[in-house]
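J.: Attaching a single structure in structure tokens format; questions to follow.
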Amino acid sequence: MIQTRNLRYAYPGGAELAFPDVDVAQGAVLLLSGPSGCGKSTWLALVAGLVAPASGEVTVAGQPLAALKNIAVDAWRARAIGFLPQKLHLSAALSVYQNMALAQWAAGVPEDAGRIHAALQSLGVAELAHRKPGQLSGGQAQRVALARAVLLQPKVILADEPTASLDDAAAADAVALLLATAKSQNAALVIATHDARVAQSIPPDVDGQIGFQPLRLAHNQLSNA
Amino acid sequence: MKTLYFAWRYLWARPLGAALNVLLLSLGLASITFLLLVGAQLSKAFDRDLAGIDVVVGAKGSPMQLILSGVLHIDVPPGNVPLKAVRELEKHPMVASIIPISLGDNFRSYRIVGTSQAYLAHYQATLAQGRTWGQPMEVVVGATAARKLGIALGNTFAGSHGLGSGGHLHGDTAYTVVGILAPGGSVLDRLILTDTASVWKVHEDYTAVDDEDRKVMEDEREITMALVKYKTPLAAMSFPRYVNSSTEMQAAAPALEITRLLNMLGLGTEVLRAFAGVLLLTAGLSVFIALWSAVRERRADLAMLRMLGAPPAKVAALLLCEAVWLGVLASIVGLLLGQAFTAALAWLLQLDNSLLIGGMVWPVQLWVVPCLALGVSLVSALLPTFAAYRVSVLELLQSR
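Just so you know, the protein sequences line up as chains R and D, in that order.
Each residue of the first sequence is one higher than the last, beginning at 0 in numbering that gives the first Met the number 0.
Each residue of the second sequence is one higher than the last, beginning at 0 in numbering that gives the first Met the number 0.
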């Protein structure tokens, strides 16, 4: 589902980062671990088509990203990638339902109340549809954000530090929820984290259905410091 | 449509700030609305009341006073002129027609104007009820005056001396209302019209001690002024000079005097306009600050929209729509406020029985107001919108 080959990224300052080749199959899980600043965010940005690589190729769901231009990459990202940011960025001005509608507006698809309710339902937060994000607990808000990420049934879910500022039990729940959601969507799941608890929360082999590929990016991979 | 909807929600996410911005912007717009409305209605009233009157001949004094008192019926007249002299003028080859105007009395501060039927004809007045006067002491009342005074056909009243209320009451000579004019929008609406002879009758009956005295008075009859219509436009060159130099009267051209008046008022208008401009500028800055801080506060939210697939233009449009909402709301509030100010002014002035201005009209110039509102809000939104356009999704990933 995700393939990268000879991927290198050049920072505006001139530093360059080289990434190992990665293959993530449909329904598989990739754990990007490593300390802050090792390039996890940059890798996510490259895979989401937010930045262009200096060299190398990214192919997501059969789509070479280099072939997409400007607005096309935005439209592609809306459908192909479900993103769960570390800070959830639910709009405080809008209700949960309106936040979902906002995502459909951003993606340029017509508002579809049925789909919004189905997505909220699948994460068990349908009854919160008319609340404002400020009225939700942390766990509820994360479920809503995840519902938003899978609203357009993406083939890839990218989660950025999903367990930051959560206690142990909540962190385990969050990882379990991500795994379950990715499984139900049959989507590839990438979790970028420096939190060691995440690796512990992922069963080494879940019914043999989920591949588990830890990718460790270290500082020494910065080829030009 | 959805963009407008979400922009609306974002705008009212901070209700106090949004309301203050709308208010600030509308105050500037209301001032401009007010200026435009008053200006448009004044010049319309002037045009209407001055139309067809080429020159006004009256007692020597201020020419503007002559116009204000005799044509617009605002000021007091400079004095009277002998009827005989006016009769002479009527024979002048350049004069097409003359309408006599005799001022001097009022009824509860509505002016009783002695004149001829030609005055009614000049403003194309039509009667709503009754008939026009057939003999002295019969009056026709303008629509506004009749309504305000609560006068009906057949009523009788005594005028009091002077042009404001509180003068001596001419108790023994009563006027009878024989007609009420239909509203015509002209100065006639707020006048009480009668035959010139009525005014003479009232004052002669009042002052004459005996019949001999009355006889003398008849010879010395005066009117206040004459509204003169030329036979040829060329008369404008020589006729006023002739009157001013060869008679004891003066001639004043309404068009000239009103232009002078408007020029004098112009300074005040300029000050008000500059004030409105400063208000608008302040409002523009306030909108800018509001949108700028909105972009700063919502940077990550906007980046999230980019992540969710919105192209930069869509994110920028969201912000621009917020500015459009501010402009639209401020236009509505500003226009209503401006109309209310104008109506309030009109109400005050009508109590003084002064110039005719009414609220709730839409002169073409008023379209400037919504254009200004949108202009100010869009210009203020330019930089914030550009900032929103430039929001990078990477900030989402780096905001740790």
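The beta carbon of each residue, even a glycine, is placed where N, CA and C say it ideally should be.
Are there 16 or more other CB atoms within 10 angstroms of the CB of R/LEU16, so buried, or fewer, so exposed?
T.: Buried, since its Cβ has 16 or more Cβ neighbours within 10 Å.
J.: So, under 8 Å CB-CB, D/LYS59 and D/GLN249 are touching, yes? Tell me the CB distance rounded to an integer number of Å.
T.: 5 Å between Cβ atoms; contact.
J.: For D/THR384, name the three-state secondary structure that DSSP assigns.
T.: Looking at D/THR384 - three-state DSSP - the assignment turns out to be helix.
J.: In three-state terms, what does DSSP make of R/PRO109?
T.: Three-state DSSP puts R/PRO109 in coil, outside helix and strand.
J.: Are the C-beta of D/GLY308 and some C-beta of chain R separated by less than 8 Å?
T.: It does; some Cβ of chain R falls within 8 Å.
J.: If you run the structure through DSSP and keep just helix, strand and coil, what is R/GLU15?
T.: Reduced to three states, the DSSP call for R/GLU15 is strand.
J.: Tell me the rounded alpha-carbon separation between D/ALA254 and D/LEU65.
T.: Using only the alpha carbons, I get a separation of about 12 Å.
J.: Residue ranges of each beta strand (DSSP E) run of no fewer than 3 residues wholly in the stretch 215-256 of chain D, ordered along the chain?
T.: Segments of the beta strand (DSSP E) lying fully in the stretch 215-256 of chain D: 224-229 and 248-251.
J.: Quick check: is the beta carbon of D/PHE33 nearer than 8 Å to any beta carbon in chain R?
T.: Chain R, which has no Cβ nearer than 8 Å to the Cβ of D/PHE33, makes this no.
J.: Among the candidates R/LYS154, R/ALA53 and R/ALA186, whose CA atom is the shortest distance from the CA of R/GLY13?
T.: It is R/ALA53 whose Cα lies nearest to the Cα of R/GLY13.
J.: What ranges does the beta strand (DSSP E) occupy inside the stretch 81-166 of chain D, keeping only unbroken runs of at least 3 residues that lie completely in it?
T.: List check, beta strand (DSSP E) in window: 94-106, 109-114, 126-129, 137-140 and 155-160.
J.: Using only the alpha-carbon positions, how far apart do D/LEU226 and D/ASP218 sit?
T.: Cα to Cα, D/LEU226 sits roughly 22 Å from D/ASP218.
J.: What residues from chain R crowd round D/PHE5, counting only those whose CB sits closer than 9 Å?
T.: Per Cβ cutoff of 9 Å: SER90, ALA92, LEU93, GLN97, ALA100, LEU101 and TRP104.
J.: At a Cβ cut of 9 Å, what residues of the stretch 16-50 of chain R count as close to chain D, listed as they run along the chain?
T.: Against chain D - using a Cβ distance shorter than 9 Å - the residues of the stretch 16-50 of chain R are SER35, LYS39, SER40, THR41, LEU43, ALA44, ALA47, LEU49 and VAL50.
J.: Does the Cβ of R/ASP159 have 16 or more other Cβ atoms within 10 Å, making it buried, or fewer, making it exposed?
T.: The residue in question, R/ASP159, is buried, as its Cβ has 16 or more Cβ neighbours within 10 Å.
J.: Should D/LEU119 and D/LEU192 be called a contact, given that it needs their Cβ atoms to be closer than 8 Å?
T.: The answer is yes: Cβ separation under 8 Å.
J.: If you run the structure through DSSP and keep just helix, strand and coil, what is R/TYR10?
T.: Three-state DSSP puts R/TYR10 in coil, outside helix and strand.
J.: Pull up the distance between the alpha-carbon of D/ALA299 and that of D/VAL392, whole angstroms please.
T.: One C-alpha to the other measures close to 8 Å.
J.: Tell me the DSSP bridge mates of D/SER25?
T.: According to DSSP, D/SER25 bridges with nothing at all.
J.: Hey, D/GLY158 and D/ASP104: beta-carbon distance below 8 Å or not?
T.: Yes, Cβ-Cβ distance for D/GLY158 and D/ASP104 is below 8 Å.
J.: Check whether the stretch 98-109 of chain R touches the stretch 152-170 of chain R, taking contact to mean three or more Cβ pairs, one atom from each stretch, closer than 8 Å.
T.: Not touching, per the Cβ criterion.
J.: If the criterion is Cβ atoms closer than 8 Å, does the pair D/GLN128 and D/LEU152 meet it?
T.: Contact: yes.
J.: Among R/LEU45, R/LYS68 and R/PRO153, which one has its Cα closest to the Cα of R/VAL57?
T.: Checking every option, the nearest Cα to that of R/VAL57 belongs to R/LEU45.
J.: Which two residues bound the contiguous alpha helix (DSSP H) that contains R/ASP167?
T.: R/ASP167 -> alpha helix (DSSP H) spans 167-184.
J.: Quick one: residues in its chain with C-beta nearer than 6 Å to the C-beta of R/ASP22, no 5 flanking neighbours on either side, listed in chain order?
T.: Once the five neighbours on either side are set aside, the close Cβ partners of R/ASP22 are GLN2.
J.: Which same chain residues, not among the five before or five after R/PRO153, have their C-beta less than 8 Å away from its C-beta?
T.: Contacts found: ARG78, ALA79, ILE80, GLY81, GLN184 and ALA186.
J.: Would R/ILE190 pass as a contact of R/LEU176 if the rule is Cβ separation under 8 Å?
T.: It is not a contact, given that the beta carbons lie outside the stated cut-off.
J.: Less than 8 Å between the C-beta atoms of D/LEU301 and D/VAL286, yes or no?
T.: No, they are not a contact pair.
J.: Any chance the stretch 224-241 of chain D sits against the stretch 256-268 of chain D, with 3 or more Cβ pairs inside 8 Å?
T.: With a cut-off of 8 Å, the stretch 256-268 of chain D and the stretch 224-241 of chain D do not count as touching, because too few Cβ pairs lie within range.
J.: Could you name the residues that DSSP lists as bridge partners for D/GLU194?
T.: First, the residue type needs correcting, since residue 194 of chain D is Asp and not Glu in the sequence shown. Answer is D/THR114.
J.: Give the residues from the stretch 247-272 of chain D that approach chain R closer than 9 Å (Cβ to any Cβ), ordered along the chain.
T.: Listed by position, the residues of the stretch 247-272 of chain D near chain R (Cβ gap below 9 Å) amount to none.
J.: Please classify R/LEU31: does DSSP put it in a helix, a strand, or coil?
T.: Reduced to three states, the DSSP call for R/LEU31 is strand.
J.: So who's on the other strand from R/ARG4, going by DSSP bridges?
T.: R/GLU56, per the DSSP bridge assignment.
J.: In whole angstroms, what separates the C-alpha of D/MET136 from that of D/ILE150?
T.: If I take the Cα positions, the gap works out to 16 Å.
J.: So which residues of chain R does D/VAL392 contact, with C-beta pairs closer than 8 Å?
T.: Chain R residues near D/VAL392: ALA44, ALA47 and LEU49.
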